[in-house]
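In this note's numbering, the protein residues as written are 29 to 263.
We put the CB at the ideal spot given by N, CA and C, even for glycine.
What you are looking at is a predicted structure, and each value in this text was computed from that prediction instead of being measured.
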Ligand code: SF4
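The structure is reproduced here in structure tokens:
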């Protein structure tokens with residue numbers, strides 16, 4: 029079982045400062061961006077009801093110009109994320125693959141098509157959720173991103189979490205689970221078990237690409253997603 033005690037918490041999901049009312053109180057210039065990342069433009073006009081879109085758009089604008097790690101030099105484009113800026117469910121994968129790199133959208137390859145089937149079976153649309161990755165630029169040859177690359181890109185993911193404020197985060201695969209929950213996570217052992225951190229429910233499960241390599245993982249993946257959608261609909 030995953031130890032959710034404070035001692036095992038390695039990272040802040042939200043970055044600093046964490047706490048209540050972040051969306052109301054946080055302007056884009058206050059988000060912590062990687063060293064070398066371009067500064068955002070002047071603070072956008074804040075209007076009630078539209079501020080989340082503006083600030084997420086501003087974070088995206090900065091991310092699209094980011095050169096904070098070497099991945100940007102080999103990737104065709106930055107894949108920031110897609111979906112509802114007010115999504116209750118955020119899916120976090122590893123990094124863009126070849127097709128994502130070409131289209132600039134997350135989860136559009138074979139693994140994304142598998143995700144679409146799961147969404148359809150559970151009667152949820154892509155537009156209801158928000159999908160992104162631990163790193164926003166494709167690692168060459170689909171290798172795992174290094175810890176340095178993950179660290180450089182972390183402020184963007186933390187910014188997305190702070191601005192979107194999802195109730196549930198689905199960690200797709202070991203890299204996402206180890207970075208968002210605990211480095212001790214072993215996905216085959218810990219998948220399917222909820223972890224509660226900083227007011228967010230996190231579900232570690234397999235990356236859909238792993239299902240394509242090993243179909244025996246489809247059933248547990250399906251069970252994990254059923255639990256996610258059940259929790260989502262309980263509110
Ligand atoms: S992977 Fe992240 S930190 Fe690296 S260049 Fe791309 S956006 Fe910047």
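Using the beta-carbon count (16 or more within 10 Å), is residue i buried or exposed?
| i | result |
| --- | --- |
| residue 173 | buried |
| residue 115 | buried |
| residue 122 | buried |
| residue 133 | buried |
| residue 170 | exposed |
| residue 148 | exposed |
What separation, rounded to the nearest whole angstrom, lies between the Cα atoms of residue i and residue j?
| i | j | result |
| --- | --- | --- |
| residue 208 | residue 199 | 7 Å |
| residue 106 | residue 216 | 30 Å |
| residue 204 | residue 178 | 10 Å |
| residue 84 | residue 154 | 18 Å |
| residue 181 | residue 228 | 21 Å |
| residue 214 | residue 202 | 7 Å |
| residue 195 | residue 117 | 6 Å |
| residue 235 | residue 94 | 26 Å |
Less than 7 Å between the C-beta atoms of residue i and residue j, yes or no?
| i | j | result |
| --- | --- | --- |
| residue 111 | residue 157 | yes |
| residue 219 | residue 233 | yes |
| residue 230 | residue 138 | no |
With residue i as the anchor, note down where its beta strand (DSSP E) starts and where it stops.
| i | result |
| --- | --- |
| residue 11 | In the structure as shown, the chain starts at 29 and stops at 263, and residue 11 therefore has no counterpart that could be examined. |
| residue 215 | Run containing residue 215: none in the beta strand (DSSP E); it sits in the alpha helix (DSSP H), 215-218. |
| residue 161 | 158-161 |
| residue 120 | 117-121 |
| residue 228 | 228-233 |
So the alpha helix (DSSP H) residue i belongs to, where does it begin and stop?
| i | result |
| --- | --- |
| residue 223 | Counting along the chain, residue 223 falls outside any alpha helix (DSSP H), though it belongs to the beta strand (DSSP E) covering 223-225. |
| residue 197 | Looking at the DSSP string, residue 197 is not in any alpha helix (DSSP H); the run it does join, the beta strand (DSSP E), is 196-200. |
| residue 108 | First-last for residue 108: undefined, no H or E at that position. |
| residue 129 | 126-131 |
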